[in-house]
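Protein chains in written order, with the working numbering: chain A, 1 to 135; chain B, 1001 to 1135.
2 protein chains.
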Amino acid sequence: MVGILKTADELSRAFSAVVEPHGITIQQFNVLRILRGASDPLPTMEIGARMIEKTPGITGLLDRLQRKGLIVRVRGQGDRRQVLCGITERGLDLLSRLDAPVAELDEACVQALGTAQRRELVGLLETVRSTIASR
Amino acid sequence: MVGILKTADELSRAFSAVVEPHGITIQQFNVLRILRGASDPLPTMEIGARMIEKTPGITGLLDRLQRKGLIVRVRGQGDRRQVLCGITERGLDLLSRLDAPVAELDEACVQALGTAQRRELVGLLETVRSTIASR
DNA sequence: ATTATTTAGTTGACATGTGAATTGTTTACT
DNA sequence: AGTAAACAATTCACATGTCAACTAAATAAT
């Protein structure tokens, strides 16, 4: 258990080290990647659903991204409760500069494990997660 | 990578669910366990070293534990820079009430994996961690 | 001894997270 | 239509985390 928590902590620390010199945090980076992945603007709740955290936190995250000019928010035209968020040119630029170093770190972490080991690890983690879920 | 982060998140969520009804958070619980484990009071930095986080955060954590009467802080007699933290009777009582449910959760997560798989998982995580460290 | 350097702990500023309560909107029901 | 229930976002209050700067105390260097 402790091993999982420690590894996760060091992982996010390593990703932070790559991303923060560019002025954003990992969570902000994740939001940007989600928005780039979805060609159309997404409502706040949808972003929240694709992240680990709850919606209230997302609002602040989006506030900060908007302040930096990396996203735009527009009140939904169909459903006026929604606020649609889209990535800006500047956001896309930033992401494109981060793609290479992030991919490099990703591969570096995974490369130390063989393909079989990778699969093994993913399987074990899934077992743990499903055990937690079924309690 | 994502699997590790998600599993860690759900793990800490599960432990929170056990511990928070008793009025403390997992981090506060961890501090209390560390203090119970060390028979003598520990300086702030030493507690910080045994936790994942940096010292500044520890100060606040200790503030809140002290406010709840679960720990006591005394200025060090030998080295007057240090602040020694000790767990109170009330802290020990709280821990003793949490021991059983926490152990139960711990075993439940681990039981789904055989002994061999447990060792395998620990090993794989260590490989990942050492890879990260050596970058 | 005196000064410079380290060390322990704290404070301040900011980014995340979470739960509870709120505001507008939309949908369901009668 | 008209009201109740559900939903999307947000605000508030609080607990974590991190970095940079600061205070006080202890050590090292000259």
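C-beta: ideal position from N, C-alpha, C; glycine also.
- Below 8 angstroms, too few C-beta pairs join the region 89-102 of chain A and the region 37-54 of chain A to call them touching: fewer than three.
- The beta carbon of L61 (chain A) sits closer than 7 angstroms to those of Q27, Q28, V31, all from its chain and outside the five residues before and after it, given in chain order.
- A direct Cα-to-Cα measurement between L1092 (chain B) and P1021 (chain B) gives close to 17 angstroms.
- Using beta-carbon distances, T1059 (chain B) does not count as an interface residue toward chain A, since no partner is under 9 angstroms.
- M1001 (chain B) has a beta carbon lying within less than 9 angstroms of a beta carbon in chain A.
- For the region 44-55 of chain A, the set of positions with a beta-carbon nearer than 7 angstroms to some beta-carbon of chain B reads I52 in chain order.
- Judged by DSSP secondary structure, L84 (chain A) falls within the beta strand (DSSP E) whose first and last residues are 83-87.
- Neighbours of R1135 (chain B) in chain A, taken as residues whose beta carbon is under 8 angstroms from its own, are A14, L105, A108 in chain order.
- Residue-level contact by beta carbon fails for E89 (chain A) and chain B, as no gap is shorter than 9 angstroms.
- In the DSSP assignment, I1071 (chain B) falls within the unbroken beta strand (DSSP E) covering 1071-1075.
- A103 (chain A) and M45 (chain A) have their alpha carbons spaced roughly 27 angstroms apart.
- Distance from the CA atom of L124 (chain A) to the CA atom of Q1111 (chain B), rounded to whole angstroms, is 12 angstroms.
- The three-state reading of DSSP puts L1042 (chain B) in strand, counting E and B together.
- Going by C-alpha positions, L1113 (chain B) is about 35 angstroms away from G37 (chain A).
- For P1043 (chain B) against L1084 (chain B), the beta-carbon gap comes to about 6 angstroms, under 8 angstroms, which counts as contact.
- Each residue's CA atom was taken as its position, placing R33 (chain A) and I87 (chain A) some 9 angstroms apart.
- Under the criterion of beta carbons closer than 8 angstroms, T131 (chain A) and A1108 (chain B) qualify as touching, at roughly 7 angstroms.
- Beyond the five residues adjoining it in sequence on each side, V18 (chain A) comes within less than 8 angstroms, by CB distance, of L98, P101, V102, L105 in the same chain, given in chain order.
- The Cβ neighbour count for A116 (chain A), taken over all protein chains shown within 10 Å, is under 16; the residue is labelled exposed.
- 9 angstroms or more divides the Cβ of Q66 (chain A) from the Cβ of R75 (chain A).
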